[in-house]
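In this text, residue positions in the sequence shown follow my numbering: the first is 286, and each later residue adds one. C-beta: ideal position from N, C-alpha, C; glycine also. Model, not experiment: these values are computed from the prediction.
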Amino acid sequence: MSKAPYIVLIIMLLAVVGGAVFLATWDIPPPSERVEKVLPDDRFPR
Numbered sequence: 286m287s288k289a290p291y292i293v294l295i296i297m298l299l300a301v302v303g304g305a306v307f308l309a310t311w312d313i314p315p316p317s318e319r320v321e322k323v324l325p326d327d328r329f330p331r
């Protein structure tokens, strides 16, 4: 029974490393929706 905590720790470590590798290599597409916002003139000093 003493090997069970080590096995769980190794599985958790592999999951974290695998997730980090996945996020580091994933080519996330940029948002394709155009955003336009009208800013009022009174927000800018003259």
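Over what stretch of residues does the alpha helix (DSSP H) that includes residue i continue unbroken?
{"i": "P290", "result": "289-310"}
How many Å lie between residue i and residue j at the Cα?
{"i": "V302", "j": "P314", "result": "23 Å"}
{"i": "F329", "j": "A309", "result": "40 Å"}
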